[in-house]
Structure formats: structure tokens, C-alpha cells
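What follows is a short report on a single structure.
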Amino acid sequence: MNQTCLESLAPFATEVHLSAGQVVVWEGLPQTSFFIVLHGRLSVSQTVRGELESVLAELGPGASFGELALFAPAPAAATVTAEERTVLWRVEKGGIDGLIGDPDMAWALLKSLAGKVRMANARLVEAVRWSLESAAVRPAES
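Using the working numbering, you'd call the opening residue of the sequence shown number 6 and step up by one each time.
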């Protein structure tokens, strides 16, 4: 997120301090906030089966998460956990509604979401290939 967007968000942001191991977002629970990592490192994981989890991403300074909650509040798709002492900005949906109309802010959020969709698509293709390989099915060559 560029400096102009960060400056626009600052009045709506609440600083959150996390200790290593502390969860900021729980998969499956309601999610209505957008976060920007100022310092530290977090992991994003999702339950695969039972207690088995898959780490989807590691986030560091400048990264953001929870963008979808700004547009369509829903249960969180993943759990986000601090891997070390971390400082975030939390912006609640109500605080940012007016900023979504700002072209720079809207563009920054869309770019962030597009990157995450690309990453999700790549993980889906990887999972399908792994599944086919483990079932000894060979996909058609193109």
C-alpha cells in the first residue's frame, strides 16, 4: 500500500500490538476488519482436515489482510497468527466506507485483492495436480 493510502487510513486506524503466538483472526469467525502490518511477522493458515493446517502465506511489514471484510463481511477464511512481536493497524469497515470512493484507495485495495486471487488460483492448481498425481491420473498434455 502506498504512502498516500496509508496517510488516508491513519485517522481510521487503531494500533494493535501482538505477542508471538497471539491470533488476530480466527478462521470461521466473523471478520469485519482490514489490517496492515507495520512491524513483525504473521502466518496465515487454513484448516485442511481436522486439526491439520496448511500455511498459506507469511506476512511482513507493508502486507495487508482482511480486505474482503471491507466489501462483504463474512467469516474469516483463514487464521492469522503473530510469529513474533507484531504491530498492526486495524481499520473497521465503518471507518473506511467513505475512503472506498477514493480512486487511489480503491485501486490499492483492488491490486491487493488481485494478488491474493492469483495466489489462491496457483494453490488450487497445485492441489489439483497433487491430487491427480496421488491418484495416478495423468492430466492431458496441451
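Quick reminder that beta carbons are idealized off the backbone N, C-alpha and C, glycines included.
Please read all numbers here as calculations on a predicted model, not as lab measurements.
Is Leu47 helix, strand or coil by DSSP?
-> strand
Contacting residues, own chain, Cβ-Cβ under 7 Å from Glu58 (five flanking each side not counted) | Ser50, Gln51, Thr52
Below 8 Å between beta carbons: does that hold for Leu43 and Leu114?
-> no
For the beta strand (DSSP E) containing Ala87, list its first residue and its last residue.
-> 84-87
Pick out whichever of Leu129, Glu12, Ser69 has its Cα sitting closest to the Cα of Val30.
-> Ser69
Express the C-alpha separation of Val96 and Pro16 in angstroms, rounding to a whole number.
-> 9 Å
Residues sharing a beta bridge with Ala79, DSSP | Gln36
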